[in-house]
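Below is one structure, written out as structure tokens; comments come after it.
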Amino acid sequence: MAEKFQSIKGFYDILPEATPLWFKLEDTARRVLAQYGYNNIRMPLVESTDLFVRSVGEHTDIVEKEMYAWTDALNGDKLTLRPEGTAGCVRAVVENNLTYNGPVRLWYSGAMFRHENVQKGRQRQFHQIGVEAFGFASPEVDAEQIVLLARLWRELGITDVALQINSIGDAHERTEYRKTLIAYFEQHADVLDEDAKRRLYTNPLRILDSKNPRMQAICEAAPKLIDCLGDETRAHFNSLCKLLDAAGVAYSLNARLVRGLDYYNRTVFEWVTTKLGAQGTIAGGGRYDSLVERLGGNATPACGFGIGLERVFLLMQEYGVTANHAPDVYLVNVGEMAEKQAFVIAENMRSAGLSVVLHAGGGSFKSQMKKADRSGARYAAILGDDEVQTGQISLKPLLQAGEQVKCAYQEVATLIRSTV
766 MAEKFQSIKG FYDILPEATP LWFKLEDTAR RVLAQYGYNN IRMPLVESTD LFVRSVGEHT
826 DIVEKEMYAW TDALNGDKLT LRPEGTAGCV RAVVENNLTY NGPVRLWYSG AMFRHENVQK
886 GRQRQFHQIG VEAFGFASPE VDAEQIVLLA RLWRELGITD VALQINSIGD AHERTEYRKT
946 LIAYFEQHAD VLDEDAKRRL YTNPLRILDS KNPRMQAICE AAPKLIDCLG DETRAHFNSL
1006 CKLLDAAGVA YSLNARLVRG LDYYNRTVFE WVTTKLGAQG TIAGGGRYDS LVERLGGNAT
1066 PACGFGIGLE RVFLLMQEYG VTANHAPDVY LVNVGEMAEK QAFVIAENMR SAGLSVVLHA
1126 GGGSFKSQMK KADRSGARYA AILGDDEVQT GQISLKPLLQ AGEQVKCAYQ EVATLIRSTV
């Protein structure tokens, strides 16, 4: 026998039994995003490697050890499968001059790629919805995006999630804080693990995000960036808090929340849950006011976030959220004349707005009815040669009690819709 192929580690199939819940997640997100005026943009999966080095940061985990990057054998270009969406979205905004007529609100969805340890809620190919707003400097948009996510969780039936917020200041404030933080961690060098030692002089803020139990005490006692903010930055953060209070969105201040990417400034936030073990963050983002200029555009304030769809999907399952994309009708047909006529009837029912599975391949009436039951359809429409001769079809309820009735072909759709 020929060798069977298997999917690559960290790359997985989403099977038909799971897709109805995925559809519910994605459709709900699209509806909520439209309520807030965000428009869809679609970017390539592959971008220049330099785009991510310059935006995400040379000394981040993503760039140092997680990117799927290669040199194109045809032309020598250095390319990367996108590990996150913001950089590509900014590139598209700058390249296409999308802010020429003023601020824009954008969203996108699709696969991202990172070579990291595979575990529950974390794959090497994973899916995100990203939301970005360009041209808004005030904290209203920061608050808008957080409130948007709160609405999305309600719409999805997810309740046990908590909002953590912080301000990491502007670049000059972080520069001064960085010096203070390095000096502090140097005093505790004997407690630092190898990862923290590696980051100490390149990205010391990321040490605060360490999950190593041995380092929790020194990270908690470290100087707080929020204590180093200037008047303007502090006013921005205070305004954000007041807006969230007014909207009734509960939050907690997490002084160790810095996010993992270099481009953030001022507001950072995460929505977290305790239902998924270590992979507790289901959405996160913040403000990145300097990134557009860093990638060749005009100075443009910006704010955005990403939703980890795999983790939200697992959380929906945890809460027992269900979705059903079963057909309205399973069309059973027995007999030569019935088989030919059923094809036409099925098309007419679809034209009338019904979803119809037409049985194909013959088989006895009993075996076809078993398949109708397994399909999850609300009705079995039964057509035999006798029905064809009288121009009628039988309609049998499958999901609720009810009598089997006969009606004319053209009346089936009206009869089914009247029982919804």
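Residue numbering for the sequence shown follows this note's numbering, beginning at 766 and increasing consecutively.
Note that the Cβ used here is the ideal one computed from N, Cα and C, for glycine as well.
For residue i, three-class secondary structure by DSSP
i: F899; result: strand
i: P785; result: helix
i: A987; result: coil
i: R999; result: helix
i: Y949; result: helix
i: P1162; result: strand
i: I1072; result: strand
i: I933; result: coil
i: T836; result: strand
i: R795; result: helix
i: F1078; result: helix
i: R971; result: helix
i: I827; result: helix
i: Q888; result: coil
i: R1143; result: coil
i: R939; result: helix
i: A1048; result: strand
i: L1005; result: helix
i: A1088; result: coil
i: L928; result: strand
i: Q771; result: coil
i: L1018; result: strand
i: A1067; result: strand
i: L790; result: helix
Cβ-based neighbour list, residue i, same chain, cut-off 7 angstroms, excluding 5 preceding and 5 following
i: K747; result: Missing from the structure shown is residue 747; the chain here goes from 766 to 1185 and no further.
i: V912; result: A1012, V1014
i: T967; result: H824
i: H1001; result: P904, R1031
i: T1038; result: D925, V926, G1045, I1047, L1080
i: S1004; result: P904
Span of the beta strand (DSSP E) around residue i
i: F878; result: 869-878
i: Y1179; result: Rather than Tyr, the amino acid found at residue 1179 in this sequence is Thr. First-last for T1179: 1177-1182, but that is the alpha helix (DSSP H), not the beta strand (DSSP E).
i: C1172; result: 1170-1173
i: L846; result: 843-846
i: L1123; result: 1121-1123
Whole-number beta carbon distance between residue j and residue i, since they are thought to touch under 8 angstroms
i: L973; j: T793; result: Not quite, the Cβ-Cβ distance comes to about 34 angstroms (not below 8 angstroms), so this is no contact.
i: R1076; j: L1041; result: 6 angstroms
i: Y803; j: R847; result: Not really, about 20 angstroms apart at Cβ, beyond 8 angstroms.
i: I947; j: I1072; result: The pair is not a contact, with the Cβ atoms about 34 angstroms apart (cut-off 8 angstroms).
i: T851; j: E897; result: 6 angstroms
i: Y1144; j: I1110; result: Contact flag wrong, Cβ pair sits at about 13 angstroms.
i: L917; j: V797; result: 5 angstroms
i: M1102; j: V1170; result: So it is not a contact: roughly 21 angstroms between Cβ atoms.
i: A1146; j: I1158; result: 6 angstroms
Opening and closing residue of the alpha helix (DSSP H) in which residue i lies
i: S1116; result: 1101-1116
i: E1058; result: 1056-1059
i: G853; result: 851-860
i: V818; result: 814-821
i: S1140; result: 1130-1140
i: E959; result: 959-964
i: V1153; result: 1150-1155
i: L914; result: 904-921
i: V1037; result: First-last for V1037: 1030-1037, but that is the beta strand (DSSP E), not the alpha helix (DSSP H).
Cβ-based neighbour list, residue i, same chain, cut-off 6 angstroms, excluding 5 preceding and 5 following
i: A1178; result: M1114, A1117, L1119
i: I773; result: none
i: Y1028; result: S820, Y1053, L1056
i: V733; result: This structure gives no information on residue 733, because the portion of the chain shown stretches from 766 to 1185.
i: V906; result: A898, C1068
Cβ-heavy atom distance, residue i to the ligand ADP, below 7 angstroms
i: L1018; result: You won't find the ligand ADP in this model; it holds no ligand whatsoever.
Cβ shell of residue i (< 8 angstroms), same chain only, five flanking positions each side left out
i: Q888; result: G775, F776, Y777, E1075
i: Y801; result: R870, E909, L913
i: R807; result: Y873, G875
**Item:** Given 8 angstroms, three or more beta-carbon pairs between the stretch 1051-1060 and the stretch 1078-1089
**Value:** no
**Request:** Answer yes if the stretch 805-825 comes into contact with the stretch 990-1006, meaning at least three C-beta pairs across the two stretches below 8 angstroms, and no otherwise.
**Result:** no
**Message:** Three or more C-beta pairs under 8 angstroms: does that hold for the stretch 924-942 against the stretch 1033-1040?
**Reply:** yes
**Three-pair Cβ contact test at 8 angstroms for the stretch 1120-1136 versus the stretch 954-973** = no
**Request:** State whether the stretch 824-833 contacts the stretch 857-864, with contact taken as three or more CB pairs (one from each stretch) at a distance under 8 angstroms.
**Result:** no
**Request:** Taking 8 angstroms as the threshold, find out whether the stretch 894-902 comes into contact with the stretch 1058-1077 through three or more Cβ pairs.
**Result:** Touching, yes, given that three or more Cβ pairs across the two stretches are closer than 8 angstroms.
**Asked** Counting Cβ pairs, one atom from each stretch, are 3 or more of them under 8 angstroms apart for the stretch 1090-1101 and the stretch 869-889?
**Response** Using a Cβ-Cβ distance cut-off of 8 angstroms, the stretch 1090-1101 and the stretch 869-889 are not in contact, since fewer than three pairs of beta carbons, one from each stretch, lie closer than that value.
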